[in-house]
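Quick note, the sequences are listed as chains A and B, same order.
Numbering-wise (the working numbering), the first sequence opens with residue 1 and increments by one.
Numbering-wise (the working numbering), the second sequence opens with residue 1001 and increments by one.
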Amino acid sequence: MFGWLRRKRSNDPGETGWAPDPAPTPAERRDELLSAYLDDDLPAAERADLEARLETDASLRDALAGMRTVRDTLATLEVVRAPRSFAIAAPPSPEARRGFRPVDIAARFGAMAAAVAFVAVLAGDLSDGGPTIEQSDISTTLSADAGPDAGVDDAAFAQTAQPGAGATGDLEASQPAPAADPESAPGDTLDEYGADAPAPDATPEAPLLDGDPPGQAAAVGTAERSATEGPAAAVADDGAPDSGQSNASGGDGGNGAAAPPPLPPNTGGAVDPTDDASPDVALDEDGATSEDPETSALQLPQPAPEGPDTARVDSDADPGTLAAESALGTQSGESVTTAADADAANALADDGREVSNLAIGLGAAAALLAAVSGLLWWRRREGTVGPV
Amino acid sequence: MADRSSASTPVDDAALEALIARARDGDLTAFNSLIVRFQDPVYSLALRMLASPQAAEDATQEAFIRAWRRIDTFRGGRFQSWLFTIVANLSRDELRRRGRRPQTSLDAARDDPDRASLDPVDDGPSPESVAEQGDLRALLEDALAQLPDDWREIVVLSDVQDLAYDEISTITGLPLGTVKSRLSRARGRLRDIISSTAEPNVVPDRLGERR
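Following this line, the structure appears as structure tokens:
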């Protein structure tokens, strides 16, 4: 009963940010006194003063009586029975009750990252598909086992290689017949490919002596570049004169008597004819390649400045290189075997890259699905909180 | 000002605390027991604030769902007051969405056949007194619907739910002085409404008895 006296009377409206109600009218001020009196919330002095006024003021007594009736009647209203049960249906998980947590943020970011990775892997896989096939086809062309799988590019490259093969006669049994087109001059072939091919970098490891025939320059230069690819090119150096003659012979059946046709500028750019500063000379002064296998062995195994893939791209860029590789590589059974091994290794690498991409893609897809499933599960659990 | 809700026995308080503790640990069955225990006063407050049974149901259901999700924020004290805070906030949000005074009176709730059995009846009153009390309650229910929303919330919490000033201040977020001021004005307005609308044989006699 006296709890009203113990209640705090502070609570400045300014402290809580609430604007006070408008100033009370005299009637409202009277009701404030009566309401506090009913609740036993008046100080003793004010209470005594009010009780004195009640003895003499009938209207004040009526007002107090009416307010007391209201208060007492409201107290009898009690509660209204709920029309139904408000029990909650399914037990949500503790994390659902605790709302949004950092793990949920991590899950969402993980889902987004998985989605981005998945798309990136897919895009990379699609973009890698074309070049991989071309490289594989080129490898097939360069190998002596080139079969009917060789495509149009293979035939074109084989045309370049055919004169050299004709000179030695070794390729006749192994190269596909359609590739031997006597009407096709090597220069034309080189122009055909050199027009679109970027000029290979002139490396100090591939010099030529002054006065070297351009055809030899092309042959030796490409042989030098082929040397950077591995053992097959090293073996091919032995056939450099043949290669040079074959390039120079054009379509005369490969006897090597014809004058060498001019090389396209890009091919000349591959080997600087004036550069004789390098001790790694592959040709003699008269344009013939050195017969000393040791010299070739010393010259050719230059450290590869780039990886096999880059070297293959260079081969793509310079048909002369391909011609030399094809012509020289097929003169030796060892070179054929080595080229086949390299191609197989490249093919395996390509396959491995594809398998790796596929595995990454599948993993990303699985992670994406897991993240999305987790998110859906979490939302479903959140949504299960509801009335029975 | 008697606190009717504090009339529970220590055994009840202990059982209530145990239910709250289990609910905080994630026991939905315990929380549903709390719902069964408090759903009537929570719904009553929502109904009297919103003057719409359907809106009161929605607010009550949402209040219990919100309470379940945030039960770890309950820092002790009276659990009913905590529930009142939630449902009062939801009811105020609903009133703000309406942007107007309630259009539905409490007649719909009064017409509920279950409600009659809940209305308290004085011990040993005469039939006439019961009738007068019923009429006066009906008048007051209608008068409540005519009050401003912020006044109605205060007088319901104080005189219907029998909460102390400080509890009302906590629930509404209003300063204590504002609570007292609005309560006195609400009581005076209700008195004036009843005096102007009640039949002479009902209110004057009742008021006269109090003199």
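For every residue, glycine included, the Cβ atom is placed at its ideal position computed from N, Cα and C.
If you're wondering where the values come from, they're calculated on a predicted model, not measured in any experiment.
Suppose contacts are defined by Cβ-Cβ distances below 7 angstroms. Is residue i in contact with residue j by that definition?
{"i": "residue 1144 of chain B", "j": "residue 73 of chain A", "result": "no"}
{"i": "residue 389 of chain A", "j": "residue 121 of chain A", "result": "This structure cannot speak to residue 389 of chain A, because chain A is shown only from 1 to 388."}
{"i": "residue 1088 of chain B", "j": "residue 1171 of chain B", "result": "yes"}
{"i": "residue 46 of chain A", "j": "residue 1184 of chain B", "result": "no"}
{"i": "residue 1082 of chain B", "j": "residue 1031 of chain B", "result": "no"}
{"i": "residue 68 of chain A", "j": "residue 38 of chain A", "result": "yes"}
{"i": "residue 1137 of chain B", "j": "residue 70 of chain A", "result": "no"}
{"i": "residue 1051 of chain B", "j": "residue 1094 of chain B", "result": "no"}
{"i": "residue 1028 of chain B", "j": "residue 1084 of chain B", "result": "no"}
{"i": "residue 1169 of chain B", "j": "residue 1163 of chain B", "result": "no"}
{"i": "residue 998 of chain B", "j": "residue 1071 of chain B", "result": "It is not possible to answer for residue 998 of chain B, since the shown part of chain B is limited to 1001 through 1211."}
{"i": "residue 53 of chain A", "j": "residue 60 of chain A", "result": "yes"}
{"i": "residue 374 of chain A", "j": "residue 107 of chain A", "result": "yes"}
{"i": "residue 1159 of chain B", "j": "residue 75 of chain A", "result": "yes"}
{"i": "residue 371 of chain A", "j": "residue 117 of chain A", "result": "no"}
{"i": "residue 1019 of chain B", "j": "residue 1033 of chain B", "result": "yes"}
{"i": "residue 1182 of chain B", "j": "residue 1151 of chain B", "result": "yes"}
Going along chain A, which residues have a C-beta under 7 angstroms from residue i?
{"i": "residue 1190 of chain B", "result": "70"}
{"i": "residue 1136 of chain B", "result": "73"}
Between which two residues does the alpha helix (DSSP H) containing residue i stretch?
{"i": "residue 1076 of chain B", "result": "Run containing residue 1076 of chain B: none; DSSP gives neither H nor E here."}
{"i": "residue 1025 of chain B", "result": "Unbroken run through residue 1025 of chain B: none, as it is neither H nor E."}
{"i": "residue 1065 of chain B", "result": "1053-1069"}
{"i": "residue 84 of chain A", "result": "From DSSP, residue 84 of chain A is part of no alpha helix (DSSP H); its letter is neither H nor E."}
{"i": "residue 73 of chain A", "result": "58-75"}
{"i": "residue 38 of chain A", "result": "26-38"}
{"i": "residue 1167 of chain B", "result": "1165-1172"}
{"i": "residue 1155 of chain B", "result": "1149-1155"}
{"i": "residue 1186 of chain B", "result": "1176-1197"}
Anything in chain B within Cβ reach of residue i, meaning under 9 angstroms, just list it in chain order.
{"i": "residue 28 of chain A", "result": "1181, 1184, 1185 and 1188"}
Can you list the residues of chain A that residue i reaches, using a CB-CB cut of under 9 angstroms?
{"i": "residue 1044 of chain B", "result": "77, 78, 79, 80, 81 and 82"}
{"i": "residue 1159 of chain B", "result": "70, 71, 72, 73, 74, 75 and 77"}
For residue i, which residues in chain B fall below 7 angstroms Cβ to Cβ?
{"i": "residue 67 of chain A", "result": "1187, 1188 and 1191"}
What in chain A is Cβ-close to residue i, meaning under 8 angstroms?
{"i": "residue 1093 of chain B", "result": "Per Cβ cutoff of 8 angstroms: no residues; residue 1093 of chain B is ~18 angstroms from chain A at best."}
{"i": "residue 1031 of chain B", "result": "88"}
{"i": "residue 1225 of chain B", "result": "Not covered by the structure: residue 1225 of chain B. The range shown for chain B is 1001 to 1211."}
{"i": "residue 1133 of chain B", "result": "73 and 76"}
{"i": "residue 1155 of chain B", "result": "74"}
{"i": "residue 1012 of chain B", "result": "Going along chain A, no residue has its Cβ under 8 angstroms from residue 1012 of chain B, so there is no contact; the nearest lies around 17 angstroms."}
{"i": "residue 1163 of chain B", "result": "Near residue 1163 of chain B there are no residues of chain A at all, since even the closest Cβ is about 12 angstroms away, more than 8 angstroms."}
{"i": "residue 1036 of chain B", "result": "85 and 87"}
{"i": "residue 1140 of chain B", "result": "70, 73, 74 and 77"}
{"i": "residue 1195 of chain B", "result": "66"}
{"i": "residue 1047 of chain B", "result": "80"}
Exercise for review: Anything in the segment 74-88 of chain A with a Cβ closer than 8 angstroms to a Cβ of chain B? List those residues in chain order, please.
Suggested key: Answer in chain order: 74, 75, 76, 77, 78, 79, 80, 81, 82, 83, 84, 85, 86, 87 and 88.
**Study point:** Within 9 angstroms of chain B by C-beta, residues of the segment 30-51 of chain A in sequence order
**Key:** Contact annotation: in the segment 30-51 of chain A, residues whose CB is within less than 9 angstroms of a CB in chain B are 30, 31, 32, 33, 34, 35, 36, 38, 39, 40 and 41.
Point to revise | chain A contacts made by the segment 1054-1081 of chain B, where a contact means CB separation under 9 angstroms | key: 1056, 1057, 1060, 1061, 1063, 1064, 1065, 1068, 1069, 1070, 1071 and 1072: these are the residues of the segment 1054-1081 of chain B whose beta carbon lies less than 9 angstroms from some beta carbon of chain A, given in chain order.
Review point. With contact counted as at least three CB pairs below 8 angstroms, one residue from each stretch, are the segment 1056-1067 of chain B and the segment 1152-1165 of chain B in contact?
Key: With a cut-off of 8 angstroms, the segment 1152-1165 of chain B and the segment 1056-1067 of chain B do not count as touching, because too few Cβ pairs lie within range.
Review point. Do the segment 68-87 of chain A and the segment 1038-1058 of chain B make contact, defined as three or more Cβ pairs closer than 8 angstroms?
Key: Cβ pair count under 8 angstroms is three or more, so yes.
Point to revise | At least 3 beta-carbon pairs within less than 8 angstroms: the segment 106-124 of chain A vs the segment 358-372 of chain A | key: A contact exists between the segment 106-124 of chain A and the segment 358-372 of chain A.
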